[in-house]
Structures are given as C-alpha cells and as structure tokens.
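Chemist: Numbering follows full-length UniProt numbering, with no gaps: position 368 of the sequence shown is 368.
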Amino acid sequence: MGSLPPESVVSGARTSVPAAPLIKHMQQMDSDRIALIYSDETCRKQISYAELEAKTNAISRALTAHARSRGTNRDNDFVIAVCMQPTHKTIMALLSTWKAGAAYLPIEPSFPQGRISHILKDSEPSLVIYDHTANPTMFSSSGVPSISFEELALEASVLPTHRPTEQEMLIETDADSIAIILYTSGSTGIPKGVRLPYTAICNRLWWQFRTFPFSDDEITCVWKTALTFVDSVCEIWGPLLHGRTLLILSKETTRDPQKLVRVLTEYQIKRLVLVPTLLRSILLYVSLNPSERLLQHLKLWVCSGETLSKELATQFFQSFGDENGYKLANFYGSTEVMGDVTYYILEQSAQVNMFPSIPIGSPLNNCRVYILDEHRSPADSGELWVAGRNLAAGYVGVAHDTRFEDNPHAAHPDFARIYRTGDFGYLHKGVILYSGRTDSQVKIRGHRVDLQEVERAVTAVQGVEKGVVLCYGLASGNPEILAFVTIKPDARLSNHHIETALKSALTSYMIPQVIIIDTIPLLVNGKVDRQGLLKMYENTNNNDDAEIPLDIDYSGVSPQDLEAARVLFETVGEVLGRSARGTLSVRANFYELGGNSLNSIYTITRLRDKGYYIEISDFLGAANLREVLSHLNTSPDTSDDSEHTKYTIQPMRDEHKDHVIEMIVSSFYEKAELEQFVRDQIAPRDYALCISACWHALRAAALSVVLEDKSGTPIAVALNFDARDEPEIELGGGLAKIMTFLEYVEGSVRDTMLPEGKGTILHSFMMATDANLSARENVEAIRLLEHGTEKIARERRFRGIFTTNTSPLTQQLGRDVLGFQTLLDYQINQYIDPNGERIFGRAPDDMRAIVCWKPVD
1 MGSLPPESVV SGARTSVPAA PLIKHMQQMD SDRIALIYSD ETCRKQISYA
51 ELEAKTNAIS RALTAHARSR GTNRDNDFVI AVCMQPTHKT IMALLSTWKA
101 GAAYLPIEPS FPQGRISHIL KDSEPSLVIY DHTANPTMFS SSGVPSISFE
151 ELALEASVLP THRPTEQEML IETDADSIAI ILYTSGSTGI PKGVRLPYTA
201 ICNRLWWQFR TFPFSDDEIT CVWKTALTFV DSVCEIWGPL LHGRTLLILS
251 KETTRDPQKL VRVLTEYQIK RLVLVPTLLR SILLYVSLNP SERLLQHLKL
301 WVCSGETLSK ELATQFFQSF GDENGYKLAN FYGSTEVMGD VTYYILEQSA
351 QVNMFPSIPI GSPLNNCRVY ILDEHRSPAD SGELWVAGRN LAAGYVGVAH
401 DTRFEDNPHA AHPDFARIYR TGDFGYLHKG VILYSGRTDS QVKIRGHRVD
451 LQEVERAVTA VQGVEKGVVL CYGLASGNPE ILAFVTIKPD ARLSNHHIET
501 ALKSALTSYM IPQVIIIDTI PLLVNGKVDR QGLLKMYENT NNNDDAEIPL
551 DIDYSGVSPQ DLEAARVLFE TVGEVLGRSA RGTLSVRANF YELGGNSLNS
601 IYTITRLRDK GYYIEISDFL GAANLREVLS HLNTSPDTSD DSEHTKYTIQ
651 PMRDEHKDHV IEMIVSSFYE KAELEQFVRD QIAPRDYALC ISACWHALRA
701 AALSVVLEDK SGTPIAVALN FDARDEPEIE LGGGLAKIMT FLEYVEGSVR
751 DTMLPEGKGT ILHSFMMATD ANLSARENVE AIRLLEHGTE KIARERRFRG
801 IFTTNTSPLT QQLGRDVLGF QTLLDYQINQ YIDPNGERIF GRAPDDMRAI
851 VCWKPVD
C-alpha cells in the first residue's frame with residue numbers, strides 16, 4: 001500500500017474485537033433487570049432479562065423443529081423471515097432465531113405483495129414468523145412454511161428453558177456465520193439481500209462501545225428504527241449487550257415529534273439515532289416551546305441515512321448551544337458496510353463552517369476508505385471504496401458481484417475484499433467529504449431507493465406511455481422523488497390515479513409525485529434532458545424567489561390584508577413545496593392542499609419568523625386560508641379575547657337537558673367519526689335514550705358543564721363522570737357497539753396506567769357543540785369546555801382528566817394546545833368486537849382513537 005498517495009486512502013484505528021455470535025456475548029441474561037418495555041392498546045409490558053432468556057431458549061427449540069426439515073438456502077444459510085411490527089415479541093423472535101442457529105430476515109408487514117413474494121423467493125427462508133398485522137396468505141403462494149408468533153410461543157410453553165446446546169441448533173454458528181439478511185434496492189433496480197456476518201456486526205458494535213460508551217446513569221435506550229433498516233441492528237443489540245433497558249417505540253410515536261419528545265423526556269433518553277428529516281421536525285417542535293428547555297438530557301444525536309446539511313446543523317446548535325456536551329454526529333455508510341463506515345462529530349457551532357459541507361468524516365475501527373478514479377487508481381477526488389471488517393459477506397444467491405472485489409491496494413487479509421459504494425467523495429483537511437452518487441440510487445428518509453425500480457413501476461401502470469423518475473432536493477437535505485410521465489392518446493389518467501396504482505407495487509417512501517407532461521424533452525444526442533425536467537419543475541413549483549408565484553390567487557383579498565396574505569400564501573407554499581395540491585387562495589383549505597399536523601406547526605413557526613403570529617387553535621380550526629388570514633397579527637402578545645366575552649361556563653342544570661340532547665345528536669349522530677360505520681344501526685333517538693338513562697347520574701355527580709351565549713342559550717356541553725363511579729347503561733344496536741369499543745380502548749389504560757380509587761380520575765365522557773357554530777367558534781367552545789372541566793377537576797381534587805378523541809380536530813387541540821398526554825394511539829380499523837366482527841374495517845389506517853390524560857396540579 002506504500003504506493004498509494006496519502007490523500008487517496010483513510011484508515012481507522014486497528015483494534016481487537018471479540019467477534020463471535022452475539023448470543024455468546026449474552027450468556028449472563030438471568031438478571032431481574034428490565035430488558036424490554038413495550039406499551040400498546042392492551043397492555044404495558046415489561047420483560048426482565050431472566051424472562052427474555054428463558055422464553056427465547058424455549059421458542060428457539062420450537063422454531064428449530066419447524067425449520068429443520070426445509071433446510072438451508074442456496075448459500076447454505078438457515079434463514080428465518082420475521083414479518084412483525086415492533087413489539088417485545090419481535091425481539092423474542094429475533095433472539096430465538098439466533099439461538100436456533102439461523103439468520104433473521106425482517107419483512108415489513110405493509111410491504112406490497114410483489115415485494116414480499118420476491119424477497120421470499122430470492123432468500124428461500126426455512127420459515128416465516130408473523131404477527132396479527134401480517135396477512136398469512138401473502139406467504140402461502142411462495143411455498144414457505146409460516147407460523148404466527150403466538151402459535152410458536154404456545155408450542156414453546158412446554159419446552160425446556162435452558163440455553164440450547166449446539167447439537168439442538170439448526171447449525172453450529174461461528175464468527176463468520178450470517179446473522180442478518182436485509183433487503184435493499186440493488187444497483188440493478190431489483191431488491192437484493194445483503195448477508196451480514198457476526199464479524200461485521202461485532203466490529204460495528206464494539207467501535208460504538210469504545211467511541212460512545214454508555215454512562216452509568218444511562219438506564220434506558222430506544223428502538224425506533226424500522227427493523228428492515230440497518231440502523232435497527234445497533235439500536236437493538238447495543239443496549240441489550242450492555243444490560244440496558246430497551247424501550248420499543250411504535251411508528252406512530254416516531255412520526256409525531258410531540259409524542260416522540262414526550263417519550264424521550266419521560267425516560268431521560270441520552271442518545272438517539274435519526275435521519276435528518278426527523279431531526280428537523282424535532283427541532284421545529286422544540287423551537288415552539290423554548291421556555292420548556294426540552295431534551296436537555298439527550299446529549300448524543302446521530303444522523304445517518306441522508307445528507308446532513310449545514311443549515312440543519314446550525315439549527316441544532318441554535319437550539320442546544322455550544323455548552324454542556326451536546327454532540328451531533330454525522331454517520332455515513334450503507335447496509336453492505338453494516339450501516340456506518342465513517343463518522344464525524346460536531347461539538348461546537350464553529351465546526352459547521354470549517355468545511356464546504358458537513359464531512360462524513362473518518363473510518364471506523366478496522367475499516368479503510370479508498371478514493372479511486374474510474375480505472376481503480378488512487379485519486380484526489382473520486383469514487384469511495386471500502387475495505388475492512390464492516391463488510392457484508394455479499395448478496396443472497398450471488399457468488400460474485402461487481403460491487404465486491406479483490407482489493408489490489410492491500411495485502412493484509414483484513415482488507416482483502418473491497419466494496420464499491422457508488423458514492424463520490426474527496427479528502428479535505430484530513431476528513432472525507434461526500435459529493436454525490438454515481439448511479440440512480442438515492443436516500444429517502446434514510447431508506448435507499450433505486451430510481452430505476454421506481455421508473456419500472458411507473459411505466460408499468462396501464463395507460464402510461466413513457467416515464468422518467470428523478471430525485472429533486474438532495475443537496476438541501478429534503479429529497480423528493482418525481483415521476484415525469486406522458487400518457488397514451490387513448491388513456492384518461494390523472495396524477496392521482498397513477499400514484500394510487502403505484503401503492504400496490506412500491507413501498508410508501510418510494511412512491512413519487514407524478515407530473516404529467518406532453519412530451520419528454522431530449523438532448524441533441526437523443527438522451528433525456530434530465531436537468532431540463534428538474535429546471536422545469538423548479539420554475540413551476542418553487543416560487544421562493546418569484547414576486548408573484550404562479551400558483552397563488554389573490555382574488556378576494558382586501559387591500560389592507562394584501563401584505564399579510566402574501567406572507568401567508570408564500571409561507572404555505574414554502575412549507576408544502578412541490579407536494580401542494582391546488583392553488584393557494586383564501587378559499588383553499590390547508591389540509592386539502594396537502595398539509596398535516598406537522599406542516600401546520602412548521603407553517604406557524606415560519607410565520608413567526610416573518611413577524612406574523614396566530615394561535616395554534618385558530619390555525620387548526622380554520623376552514624380555509626381566509627380564516628387563517630383573519631387571525632394573523634403582528635404582535636406576539638396580541639390575542640383576541642372577544643370570544644371569551646361571548647360565552648360563560650355554567651354547571652349543567654335540568655333545564656339544559658333538551659339542548660344537551662340536541663347538541664349530542666348533532667355532534668355524534670350527524671358528524672362523529674365512528675358513527676359513519678354503523679349509521680344504519682343507529683337512530684337519533686338512541687342518543688336521547690342514552691342521555692336520559694344517565695341524566696340523573698350526571699346531575700348527581702355535578703361534574704358536567706355547559707357553555708352559554710349572551711342570551712343564556714347553551715351552545716356547548718361537556719358531560720363528565722368520575723371514572724370509577726360511572727353508571728351502567730343498557731344500550732342496543734350500533735350505539736352499544738361504539739360504547740363497547742370505547743370501553744375496550746379506555747379500559748386497559750384506565751385500569752393499568754391511571755390512579756386507583758374514586759375521586760381520582762375525571763372522565764370527559766362526551767363533548768358536543770351547537771351545529772350553528774362557525775369553525776373558529778367551535779374550536780373556541782371546545783377550549784372553554786376543557787378549561788371549565790379542568791377547573792372542576794382541580795376544585796374537586798381529581799388527579800387528572802381522562803378522555804378519548806376520535807376527531808382529528810380535538811386530537812390536535814388536545815395534543816398541541818391543551819396539554820393532554822397520549823396514553824394510547826389506536827388504529828380503529830384493527831378493532832374486532834366480541835362477536836368477531838371488524839365493525840370499523842372500512843376505516844382508513846390513519847383514523848385513530850387517541851386515549852389521553854391530563855394531570856391536574
């Protein structure tokens with residue numbers, strides 16, 4: 001290697017690593033310490049290390065009995081596919097697989113059928129373990145045996161619980177055995193299975209232990225990354241190898257910055273791995289609550305999977321400062337090099353501007369990075385090649401692949417193989433800087449996506465003539481996949497129709513924004529003018545620098561509101577960007593344009609940065625941008641109290657009964673989310689009977705309030721009970737089904753997570769408003785009812801308020817404005833009633849029942 005110029009190769013430190021199957025490093029798993037914590041709609045589960053050890057020993061025996069007959073695949077690997085959502089049971093399935101002597105292969109239950117079929121056919125697993133979120137029929141066509149985890153655990157319940165001997169295992173494993181197989185988008189556009197040996201995993205983990213050691217007070221760590229993504233390996237096994245507690249987070253928690261921040265705070269998490277996109281969302285949320293000094297305990301932030309921009313790094317240090325030991329680490333790698341092969345640590349804001357971009361840094365221990373030109377010769381700037389102990393053993397079913405080659409630049413056996421990353425880079429001041437991809441692969445929210453795979457799916461849609469798939473926004477750290485398509489003359493397709501069709505062929509993060517054009521522009525040599533397409537898209541959609549953006553309509557805006565409207569429309573355009581659906585005008589609804597709760601927070605933040613302020617509740621409750629505009633003001637301390645003077649809160653009295661019933665019928669029978677699925681089984685009088693049946697108990701409890709307007713007419717009501725002293729009500733039909741569902745989601749939380757005894761929990765049973773209220777009046781009425789209920793709870797010395805929301809509006813108000821904590825986020829279409837009927841089966845996946853709790857001081 002002496003002939004290599006120093007600027008073409010960078011090496012990590014040489015260290016010894018106890019490479020061996022990880023179960024041999026987990027021999028002392030008989031402690032009463034908590035290993036796993038998981039909460040869902042039915043339980044809050046804690047698993048000790050002793051329980052984890054015993055149960056996985058038994059399950060591994062049951063697993064071996066099922067897998068042995070099918071044998072190994074063509075690579076001579078025993079492979080067990082695990083198609084489960086993240087829970088404590090998933091960890092048991094993975095660890096049991098290792099104890100059986102097999103490699104685990106994670107499959108996301110929501111993957112399209114075509115992708116699952118390809119993975120099973122290619123990997124040839126001996127068995128598939130699945131949970132209730134997976135459809136077993138997806139496996140039957142592949143011919144691979146499958147079994148639910150529950151069945152496997154039942155079989156294991158009568159088996160020995162001591163550690164299996166090597167003779168009981170499927171195969172005797174060693175340091176070179178394959179531990180995990182992860183499927184990524186291959187360079188050919190076809191998903192390829194990466195075979196990760198224990199040597200690579202151990203090298204990555206022991207480097208982590210030396211570089212970022214666990215502190216004595218670091219008790220709990222989180223697993224939040226998808227199991228199919230390589231970062232999950234270190235998130236799961238790093239803490240468990242060091243006897244820490246692993247807190248398993250749901251997708252819903254990870255996707256919601258507010259929920260995630262609350263969990264990280266509650267458990268005093270001290271390290272977090274995340275993609276820059278999520279980091280940006282968290283920093284935005286933190287910026288809205290500067291006085292709370294959120295996440296001060298979280299010292300190590302590790303970004304990977306996407307480009308970390310200088311702008312985002314600057315935001316990080318603006319949020320947390322240069323003091324108190326905060327670290328922002330930029331990791332670089334891919335599945336083929338065990339996720340991470342170089343790293344760079346930022347500890348001061350001054351480091352951000354030391355380089356043209358945030359460096360990807362220096363190699364990990366026992367790894368080496370070469371910068372080579374197209375002839376494989378050393379170069380100042382070129383393609384990055386990796387050698388060392390982090391390398392995968394190759395791809396499933398592929399004896400030789402052009403990405404893994406013999407290394408002509410090193411004689412030491414540790415560096416005998418070299419991997420071609422497909423990335424460009426160069427050395428600057430002793431560290432490596434990333435400068436782009438050499439092929440069609442990009443990273444979207446941390447997932448590798450091959451644009452050729454997406455392009456093939458687009459052109460396969462019936463009616464599409466031609467398609468070109470490109471990535472926009474890589475440099476800014478906010479990449480988007482775009483599909484430019486032309487339509488066949490006899491086809492009638494919209495972009496929405498094409499995007500919907502793609503859901504059956506591509507995973508969610510791969511689905512592009514479809515742009516229909518008349519012709520595909522070409523260069524003089526006949527090739528597609530890709531830069532021309534991106535420029536056309538940018539000119540049409542990115543109007544940050546334009547005086548009047550093309551997709552903004554100012555009609556209906558009064559002259560005195562014109563400047564505020566300009567700021568509002570341009571800010572919404574900046575936030576929604578190319579995902580905006582429709583014209584920005586006072587008639588447009590923010591959510592119909594493509595907004596969501598996170599985008600709304602982002603919009604409010606951007607408006608504040610520009611000197612315009614609006615209450616979160618006003619923004620969320622606005623029917624359109626005209627209402628948003630009416631609430632904008634230029635003073636952070638200005639709030640409109642006129643609504644507060646219009647209404648008064650009163651204890652509910654007998655003379656309110658008819659109005660209360662009318663409002664309940666209007667709010668629930670006519671508009672409620674759950675009722676739409678059993679409407680044919682409910683009549684308006686059912687609500688009158690329900691309220692009449694519990695009216696005496698409501699009045700005797702004296703916990704309910706109404707909101708009266710200036711004439712004394714009730715315009716909103718909150719019906720409240722002591723949660724430990726609610727009357728039994730006989731109901732029938734669809735309303736009984738709804739109440740049974742609400743008891744199902746509330747009961748497990750109330751009875752396992754909340755204070756015991758009467759007088760401790762105030763249950764917000766029903767809340768309704770008059771049908772004639774405007775959107776803003778409705779939001780304000782709900783806020784005042786919540787304040788009135790909280791006042792009663794405090795006066796009667798309840799410890800908190802308990803409620804369930806199925807309306808997106810009340811969910812957002814509760815979470816973002818009123819300070820409720822989410823105890824359960826339940827996907828409604830998963831509910832099966834006592835008769836085995838999925839009564840809300842037609843509900844979309846994003847329709848949730850949120851069970852909440854607000855402590856009262």
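The C-beta atom is built at its ideal place from N, Cα and C for all residues, glycine as well.
Closest by CA to A483, which one among C471, L493 and F820?
Modeler: Counted from its first residue, the sequence shown places residue 483 at position 483. A483 has its Cα closest to that of C471, out of C471, L493 and F820.
Chemist: Give me the Cβ distance between V678 and G734, rounded to the nearest whole Å; I'm assuming they're in contact under 8 Å.
Modeler: Here residue 678 is taken as the residue at index 678 of the sequence shown, counted from 1. Here residue 734 is taken as the residue at index 734 of the sequence shown, counted from 1. Between G734 and V678 the Cβ distance is about 3 Å, and since that is below 8 Å, they are a contact.
Chemist: Got a sec: does the ligand PLP put a non-hydrogen atom nearer than 7 Å to the Cβ of A179?
Modeler: Looking for the ligand PLP in the displayed structure turns up nothing, as the structure carries no ligands at all.
Chemist: Any chance the region 321-341 sits against the region 479-495, with 3 or more Cβ pairs inside 8 Å?
Modeler: With the cut-off at 8 Å, the region 321-341 and the region 479-495 do not touch.
Chemist: Would you tell me roughly how many angstroms separate the C-alpha atoms of residue 860 and M510, rounded to the nearest one?
Modeler: Outside the modelled stretch of the chain, which goes from 1 to 857, sits residue 860, for which no answer is possible.
Chemist: Quick check on V158: buried or exposed, where buried means 16 or more other Cβ atoms within 10 Å of its Cβ?
Modeler: Your numbering for residue 158 matches position 158 in the sequence shown. Exposed.
Chemist: Report the three-state DSSP secondary structure of E837 (helix, strand or coil).
Modeler: Here residue 837 refers to the residue found at position 837 when the sequence shown is read from its first residue. E837: coil per DSSP, three-state reduction.
Chemist: DSSP state of F355, grouped into three classes?
Modeler: Looking up residue 355 in the sequence shown gives position 355. In the structure shown, F355 sits in coil (DSSP, three-state: anything other than H, G, I, E or B).
Chemist: With H, G and I counted as helix, E and B as strand and the rest as coil, what does DSSP make of D709?
Modeler: Position 709 of the sequence shown, counting from 1, holds the residue named residue 709. DSSP places D709 in coil when its eight states are reduced to three.
Chemist: Taking the alpha-carbon positions, what's the L294 to W301 distance?
Modeler: If you number the sequence shown from 1, residue 294 lands on position 294. If you number the sequence shown from 1, residue 301 lands on position 301. So the alpha carbons of these two residues sit roughly 14 Å apart.
Chemist: Checking 8 Å against the spacing of the C-beta atoms, do H656 and P727 come in under that value?
Modeler: Residue 656 sits at position 656 when you count from the first residue of the sequence shown. Residue 727 sits at position 727 when you count from the first residue of the sequence shown. The answer is no: Cβ separation not under 8 Å.
Chemist: What does the alpha-carbon distance come out to for the pair S215 and I269?
Modeler: Here the question's residue 215 lines up with position 215 in the sequence shown. Here the question's residue 269 lines up with position 269 in the sequence shown. S215 and I269: Cα-Cα distance of roughly 11 Å.
Chemist: For the alpha helix (DSSP H) that contains V449, what are its first and last residues?
Modeler: Translated into the one-based positions of the sequence shown, residue 449 becomes position 449. Careful: V449 lies outside any alpha helix (DSSP H), inside the beta strand (DSSP E) at H447 to D450.
Chemist: For chain C, is any of its Cβ atoms less than 8 Å away from the one on A693?
Modeler: Checking the listed chains, one finds no chain C in this structure; it contains a single protein chain.
Chemist: So what does Q46 bridge to, in DSSP terms?
Modeler: The residue labelled residue 46 in the question sits at position 46 within the sequence shown. Per DSSP, I37.
Chemist: Less than 8 Å between the CB atoms is what I'm expecting for L502 and A565, so what's the real figure, rounded?
Modeler: Along the sequence shown, read from residue 1 onward, the residue named residue 502 stands at position 502. Along the sequence shown, read from residue 1 onward, the residue named residue 565 stands at position 565. Not really, about 36 Å apart at Cβ, beyond 8 Å.
Chemist: Taking the alpha carbon of Y613 as the point to measure from, which residue in R626, H631 and A102 has its own alpha carbon closest?
Modeler: Here residue 613 refers to the residue found at position 613 when the sequence shown is read from its first residue. Of R626, H631 and A102, the residue nearest in Cα terms is H631.
Chemist: For I682, which residues from the same chain have a beta carbon less than 7 Å from its beta carbon, with the 5 sequence-adjacent residues on both sides left out?
Modeler: Indexing the sequence shown from 1 puts residue 682 at position 682. Within the same chain, I682 has close Cβ partners Y669, E675, G733, G734 and L735.
Chemist: Strictly by DSSP, which residues pair up with Y602?
Modeler: Along the sequence shown, one-based indexing puts residue 602 at 602. Paired residue(s): none; Y602 is not in a bridge.
Chemist: Which of the three DSSP states is assigned to Y426 in this structure?
Modeler: Your numbering for residue 426 matches position 426 in the sequence shown. In this structure, Y426 counts as strand in the three-state DSSP scheme.
Chemist: Output the distance between the C-alpha atoms of L196 and I107, rounded to the nearest integer angstrom.
Modeler: Your numbering for residue 196 matches position 196 in the sequence shown. Your numbering for residue 107 matches position 107 in the sequence shown. Going from the Cα of L196 to the Cα of I107 covers about 16 Å.
Chemist: Distance, Cα to Cα, T184 vs R492?
Modeler: What you label residue 184 is simply residue 184 of the sequence shown in a count that begins at 1. What you label residue 492 is simply residue 492 of the sequence shown in a count that begins at 1. Looking at the two C-alpha atoms, the distance is approximately 34 Å.
Chemist: Going by CA-CA distance only, name the one from G101, E218, S711 and A849 that's closest to I178.
Modeler: Position 178 of the sequence shown, counting from 1, holds the residue named residue 178. Nearest C-alpha to I178: G101.
Chemist: Near R68, what residues of its chain come up, given a Cβ to Cβ distance below 8 Å and the 5 sequence neighbours on each side ignored?
Modeler: Walking along the sequence shown from the start, residue 68 turns up at place 68. Counting only Cβ-Cβ distances below 8 Å, and skipping sequence neighbours, we find S126 and L170.
Chemist: Skipping 5 residues on each side, what residues in its chain have a beta carbon closer than 6 Å to that of L625?
Modeler: Walking along the sequence shown from the start, residue 625 turns up at place 625. Answer for L625: V586 and A588, listed in chain order.
Chemist: Would you please state the rounded distance, in angstroms, between the beta carbons of D770 and M663? I believe it to be under 8 Å.
Modeler: For the purposes of this step, residue 770 is taken as the residue at position 770 of the sequence shown. For the purposes of this step, residue 663 is taken as the residue at position 663 of the sequence shown. About 6 Å separates the two Cβ atoms, so the contact holds.
Chemist: Can you give me the C-alpha to C-alpha distance between S807 and V273, rounded to a whole angstrom?
Modeler: Numbered from its first residue, the sequence shown carries residue 807 at position 807. Numbered from its first residue, the sequence shown carries residue 273 at position 273. Rounded to whole angstroms, S807 to V273 spans 32 Å at the Cα level.
Chemist: Can you list, in chain order, the residues of its chain with a C-beta nearer than 7 Å to that of S667? Leave out the 5 residues immediately preceding and following it.
Modeler: On the sequence shown, position 667 is the one that residue 667 refers to. Here the set comprises A768 and T769.
Chemist: Kindly indicate which three-state DSSP category S117 falls into: helix, strand or coil?
Modeler: As a working mapping, residue 117 is identified with position 117 in the sequence shown. Helix at S117.
Chemist: By the three-class DSSP mapping on this structure, what secondary structure does R492 have?
Modeler: Position 492 of the sequence shown, counted from the first residue, corresponds to residue 492. Here R492 sits in coil by DSSP.
Chemist: Using only the alpha-carbon positions, how far apart do D551 and H400 sit?
Modeler: Taking the first residue of the sequence shown as position 1, residue 551 is located at position 551. Taking the first residue of the sequence shown as position 1, residue 400 is located at position 400. So the two alpha carbons sit approximately 52 Å from each other.
Chemist: How would you label P855, buried or exposed, when you count the other beta carbons within 10 angstroms and need 16 or more for buried?
Modeler: For the purposes of this step, residue 855 is identified with residue 855 of the sequence shown, where counting begins at 1. Answer is exposed; the Cβ neighbour count stays below 16.
Chemist: Rounded to the nearest angstrom, what separates S357 and I371 at their Cα positions?
Modeler: By one-based count along the sequence shown, residue 357 stands at place 357. By one-based count along the sequence shown, residue 371 stands at place 371. Straight-line Cα distance between these residues: approximately 18 Å.
Chemist: Between which residues of its own chain and V567 is the CB-CB distance below 6 Å, once the five residues before and five after are set aside?
Modeler: Here residue 567 is taken as the residue at index 567 of the sequence shown, counted from 1. So the qualifying residues of the chain are K610 and Y612.
Chemist: Quick check on the burial criterion: 16 or more other C-beta atoms within 10 angstroms. Buried or exposed for N289?
Modeler: Locating residue 289 in the sequence shown gives position 289, where the first residue counts as 1. Result: exposed.
Chemist: Would you say E53 and M92 are within 8 Å of each other, going by their C-beta atoms?
Modeler: Counting from one through the sequence shown, the residue named residue 53 turns up at place 53. Counting from one through the sequence shown, the residue named residue 92 turns up at place 92. No, the pair does not count as a contact, with Cβ atoms beyond the cut-off.
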